[in-house]
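First the structure, in the form of structure tokens, and then the observations on it.
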Amino acid sequence: MIRVGIVGGTGYTGVELLRLLARHPEVQIASITSRGDAGTDVAQMFPNLRGRLRLRFEDPAKANLKSCDIVFFATPNGVAMEQAPALLDAGVRIIDLAADYRIRDVADWSRWYGMQHASPDWVDRAVYGLPEMNRAAIRNARLVANPGCYPTAVQLGFMPLLERGLVDLDHLVADAKSGVSGAGRKAEVATLFAEASDNFKAYAVPGHRHLPEIRQGLSAMAGRPVGLTFVPHLTPMIRGIHATLYARIRAEADFQAVFAERYRDEPFVDVLPAGSHPDTRSVRAANTCRLAVHRPQDGEILVVLAVIDNLVKGAAGQAVQNLNIMFGLPETVGLQQIAVLP
Ligand SMILES: NC(=O)C1=CN([C@@H]2O[C@H](COP(=O)(O)OP(=O)(O)OC[C@H]3O[C@@H](n4cnc5c(N)ncnc54)[C@H](OP(=O)(O)O)[C@@H]3O)[C@@H](O)[C@H]2O)C=CC1
Ligand SMILES: CC(=O)N[C@@H](CCC(=O)OP(=O)(O)O)C(=O)O
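Numbering (the working numbering), first residue to last: 34 to 375.
Structure, rendered in structure tokens:
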């Protein structure tokens with residue numbers, strides 16, 4: 034059994050990791066931490082786990098994380114960069130669900146995240162954990178930077194077009210909407226029920242911290258820097274991301290066939306039949322990205338629709354997919370959940 038530790042077990046991505054890993058046949062959860070709730074029974078905090086897990090939260094300062102084969106950091110930005118290096122030096126492999134190791138340009142990361150990087154040497158050695166793009170490198174990675182939720186949906190949606198150079202690379206547009214769990218479990222006015230329900234708004238239009246991450250990924254796919262406008266929105270859903278992507282056609286192709294071919298062997302990307310409109314609820318609680326490609330009015334703009342569950346393919350599910358790849362397991366182990374409808 035693979036011994037797993039989770040730092041930051043009381044947040045939304047933490048409990049999502051627990052939901053997935055509790056039924057993973059090759060994994061034993063050895064340790065899960067909380068600073069504020071050390072000693073509390075995990076199933077007391079998260080009743081969905083009653084009868085499935087016998088585990089207590091441990092103080093991160095006292096937890097024996099070095100005895101683990103792999104540790105997930107489900108913590109705010111800036112925690113893994115401080116704590117991961119000692120574990121890496123002890124031979125523990127790491128998957129960071131936060132952004133500490135996602136951006137290769139450390140100065141750029143510091144500008145967007147507003148802090149100095151505590152372990153810049155590890156940034157070069159980290160592998161960006163988008164399996165559909167980086168599967169081979171993830172296999173041997175010691176440190177995986179799990180992608181952000183918006184970046185997962187936007188990169189999977191644009192990838193087939195950019196890899197083949199089919200669209201104008203200078204004027205890509207990503208208009209994305211997220212459910213409220215994307216903001217985490219911490220108390221915040223913007224995510225109060227009375228603020229976020231029955232409401233809809235854009236935010237961070239001048240620049241969201243996922244912009245450099247998405248641009249970095251899209252530029253790697255295209256083989257040169259891309260121009261991107263990215264506008265996130267908060268919707269009154271609990272889970273889900275819906276990204277509507279726009280690109281001007283540069284070379285003619287059967288775009289439906291391009292998407293179907295690119296993702297034919299991908300277990301977690303579902304290209305819908307031509308004319309489809311994917312629902313966020315069709316991926317709720319599942320590690321799936323559903324895509325549809327449209328060419329409205331046979332015009333010169335392609336529209337790609339991409340939906341994921343921000344907590345699953347956008348975070349914990351993708352992290353478990355990466356664990357499976359890193360340990361040579363079939364990629365779908367523990368990740369076969371069907372989305373919950375209605
Ligand atoms: N929510 C989402 O959809 C997505 C989130 N992410 C990223 O994943 C990470 C976790 O997100 P999420 O679960 O939503 O966040 P939450 O705010 O819900 O949870 C954060 C967790 O981190 C712990 N924590 C906070 N500070 C520290 C610290 N200094 N040392 C150790 N533990 C700490 C908290 O526990 P305690 O205070 O008890 O110690 C808590 O369990 C974030 O970086 C987020 O950006 C990525 C993709 C999607
Ligand atoms: C709805 C909402 O607030 N979403 C979050 C992004 C999700 C996230 O956690 O992203 P990182 O992993 O890069 O931090 C936000 O816009 O800040």
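Positions of the beta carbon are idealized from the N, C-alpha and C atoms, including for glycine. Being a predicted model, the structure only gives us computed values, none of them experimental.
message: What I want to know is whether the C-beta of threonine 108 ends up closer than 8 Å to one or more non-hydrogen atoms of ligand 1.
response: As a position in the sequence shown, residue 108 is number 75, starting the count at 1. Within the chosen limit of 8 Å, ligand 1 reaches the beta carbon of threonine 108 through at least one heavy atom.
- request: Could you please give me the residues that DSSP links to histidine 327 through a beta bridge?
  value: In the sequence shown, counting from the first residue as 1, residue 327 sits at position 294. Assignment of beta-bridge partners to histidine 327 by DSSP yields Val336.
query: Is the beta carbon of valine 177 less than 9 Å from the beta carbon of leucine 335?
result: Locating residue 177 in the sequence shown gives position 144, counting from the first residue. Locating residue 335 in the sequence shown gives position 302, counting from the first residue. Taking 9 Å as the Cβ cut-off, valine 177 and leucine 335 do not qualify as a contacting pair.
- request: Label glycine 44 either buried or exposed according to how many other C-beta atoms from any shown protein chain fall within 10 Å of its C-beta, with 16 as the threshold for buried.
  value: By 1-based counting over the sequence shown, the position of residue 44 is 11. Burial call: buried.
task: Could you check the C-alpha separation between alanine 290 and leucine 194 for me, to the nearest Å?
output: For this step, residue 290 is matched to residue 257 along the sequence shown. For this step, residue 194 is matched to residue 161 along the sequence shown. CA-CA distance, alanine 290 to leucine 194, rounds to 11 Å.
query: Which residues bound the beta strand (DSSP E) around serine 309?
result: Locating residue 309 in the sequence shown gives position 276, where the first residue counts as 1. That residue, serine 309, is in no beta strand (DSSP E); it is neither H nor E in DSSP.
message: Does chain C have any CB closer than 9 Å to the CB of glutamate 221?
response: Although the question refers to chain C, the structure presented lacks it and comprises just one protein chain.
field: Straight-line gap, aspartate 342 to threonine 321 (C-alpha atoms, nearest Å)
entry: The residue labelled residue 342 in the question sits at position 309 within the sequence shown. The residue labelled residue 321 in the question sits at position 288 within the sequence shown. Their Cα atoms are separated by approximately 8 Å.
- prompt: For asparagine 232, which option in Leu374, Gln351 and Ala223 has the closest C-alpha, if you only look at C-alpha atoms?
  reply: The sequence position of residue 232 within the sequence shown is 199, counting from 1. When only C-alpha atoms are compared, the closest one is Ala223.
- request: Assess, as a yes-or-no matter, whether the region 62-77 is touched by the region 89-103 under the definition of 3 or more beta carbon pairs within less than 8 Å.
  value: yes
task: Quick one: which unbroken alpha helix (DSSP H) runs of 4-plus residues sit fully inside the region 102-150? Chain order, please.
output: 113-122 and 139-146
- request: Return the CA-CA distance between alanine 372 and valine 316, expressed in angstroms with no decimal places.
  value: Taking the sequence shown and counting its residues from 1, one reaches residue 372 at position 339. Taking the sequence shown and counting its residues from 1, one reaches residue 316 at position 283. Distance between the alpha carbons of alanine 372 and valine 316: 5 Å.
query: Name the DSSP bridge partner or partners of phenylalanine 263?
result: Within the sequence shown, numbered from 1, the residue matching residue 263 stands at position 230. Per DSSP, Ala207.
- request: Would you mind stating whether alanine 113 and aspartate 133 have Cβ atoms separated by less than 9 Å?
  value: Walking along the sequence shown from the start, residue 113 turns up at place 80. Walking along the sequence shown from the start, residue 133 turns up at place 100. Cβ distance < 9 Å, so alanine 113 and aspartate 133 count as in contact.
message: To the nearest angstrom, how far is the alpha carbon of serine 274 from that of alanine 229?
response: Working through the sequence shown from its first residue, we reach residue 274 at position 241. Working through the sequence shown from its first residue, we reach residue 229 at position 196. At residue 274 the sequence reads isoleucine, which differs from the serine that was named. Rounded to the nearest angstrom, the two C-alpha atoms are 15 Å apart.
field: Opening and closing residue of the beta strand (DSSP E) in which tyrosine 45 lies
entry: Here residue 45 is taken as the residue at index 12 of the sequence shown, counted from 1. For tyrosine 45, no beta strand (DSSP E) segment is defined; the enclosing uninterrupted segment is the alpha helix (DSSP H) at 45-54.
query: Around the C-beta of alanine 131, are 16 or more other C-beta atoms found within 10 angstroms, so that it is buried, or is it exposed?
result: What you label residue 131 is simply residue 98 of the sequence shown in a count that begins at 1. Result: buried.
task: For the region 163-202, list the beta strand (DSSP E) runs that are entirely contained and at least 3 residues long, ordered along the chain.
output: 176-178
message: Measuring only from the beta carbon, is valine 264 closer than 8 Å to any heavy atom that is part of ligand 2?
response: On the sequence shown, position 231 is the one that residue 264 refers to. No; taking the cut-off as 8 Å, the Cβ of valine 264 has no heavy atom of ligand 2 nearer than that.
Cβ shell of serine 152 (< 6 Å), same chain only, five flanking positions each side left out: Position 119 of the sequence shown, counted from the start, is the residue given in the question as residue 152. So the list reads Met114 and Pro118, once near-sequence residues are dropped.
query: How is histidine 275 classed by DSSP in three states: helix, strand or coil?
result: Stepping through the sequence shown from its first residue, residue 275 is reached at position 242. Histidine 275 sits in a strand when the DSSP states are folded into three classes.
task: Could you have a look at glycine 66 and say whether DSSP puts it in helix, strand or coil?
output: Translated into the one-based positions of the sequence shown, residue 66 becomes position 33. Note that residue 66 corresponds to threonine in the displayed sequence, not to glycine. It is a strand residue.
message: Counting C-beta neighbours from all protein chains within 10 Å, is the total for histidine 204 16 or more, i.e. buried, or is it exposed?
response: Along the sequence shown, one-based indexing puts residue 204 at 171. Per the 10 Å Cβ criterion, exposed.
message: Within a Cβ cutoff of 8 Å, which residues of the same chain sit near proline 329, ignoring the five residues on either side of it in sequence?
response: On the sequence shown, residue 329 is found 296 positions in, with the first residue counted as 1. Here the set comprises Val336.
message: Please determine whether the Cβ atom of tyrosine 45 lies at a distance below 8 Å from any heavy atom of ligand 1.
response: In the sequence shown, counting from the first residue as 1, residue 45 sits at position 12. It does: the Cβ of tyrosine 45 is within 8 Å (strictly closer) of some heavy atom of ligand 1.
field: Sequence-distant residues of its chain with Cβ nearer than 8 Å to alanine 209 (five each side left out)
entry: Reading the sequence shown from its first residue, position 176 is the one you call residue 209. Correct list, in chain order: Tyr183, Ala186, Val187, Phe263, Val264, Pro265, His266, Ile274, His275, Ala276 and Thr277.
message: Check this for me: beta carbons of glycine 42 and valine 125, under 9 Å apart or not?
response: For the purposes of this step, residue 42 is identified with residue 9 of the sequence shown, where counting begins at 1. For the purposes of this step, residue 125 is identified with residue 92 of the sequence shown, where counting begins at 1. Their beta carbons are not under 9 Å apart, which means glycine 42 does not touch valine 125 by this criterion.
- request: Grab the span of the beta strand (DSSP E) containing glycine 38 for me, first residue to last.
  value: Here residue 38 refers to the residue found at position 5 when the sequence shown is read from its first residue. Taken as a continuous stretch (DSSP letters only), the beta strand (DSSP E) holding glycine 38 covers 35-40.
task: Kindly list the residues whose CB is nearer than 6 Å to the CB of alanine 159, restricted to its own chain and excluding five residues on each side of it in sequence; keep chain order.
output: Along the sequence shown, one-based indexing puts residue 159 at 126. These residues qualify, in order along the chain: Tyr134, Leu176 and Ala178.
- request: On a CA-only basis, which of Pro180, Arg323, Gly198 and Arg87 is nearest alanine 286? Give me that one, please.
  value: On the sequence shown, residue 286 is found 253 positions in, with the first residue counted as 1. Gly198 is the residue among Pro180, Arg323, Gly198 and Arg87 whose C-alpha sits nearest the C-alpha of alanine 286.
message: Whole angstroms are fine: how far does the CA of proline 306 sit from the CA of glutamate 294?
response: For the purposes of this step, residue 294 is taken as residue 261 along the sequence shown, with counting starting at 1. For the purposes of this step, residue 306 is taken as residue 273 along the sequence shown, with counting starting at 1. Their Cα atoms are separated by approximately 13 Å.
message: Suppose contacts are defined by Cβ-Cβ distances below 9 Å. Is aspartate 138 in contact with proline 245 by that definition?
response: Taking the sequence shown and counting its residues from 1, one reaches residue 138 at position 105. Taking the sequence shown and counting its residues from 1, one reaches residue 245 at position 212. Yes, they are a contact pair.
field: Own chain partners of leucine 86 with C-beta closer than 8 Å, once the 5 adjacent residues on each side are dropped
entry: Start at 1 with the first residue of the sequence shown, and residue 86 comes out as number 53. Leu51, Ala55, Ile62, Val75 and Ala76, listed in sequence order.
field: Reference valine 345; option with closest CA among Val48, Leu82 and Val40
entry: As a first step, residue 345 is located in the sequence shown; it is residue number 312 there, counting from the start. Of the listed residues, the one whose Cα sits closest to valine 345 is Val48.
- request: Below 6 Å CB to CB, which residues in the same chain sit around aspartate 141 once its five sequence neighbours on both sides are set aside?
  value: For this step, residue 141 is matched to residue 108 along the sequence shown. Taken in chain order, the residues that qualify are Pro245.
query: What residues match up with glutamine 61 in a beta bridge as DSSP calls it?
result: As a first step, residue 61 must be located in the sequence shown, where it is residue number 28. According to DSSP, glutamine 61 bridges with Arg36.
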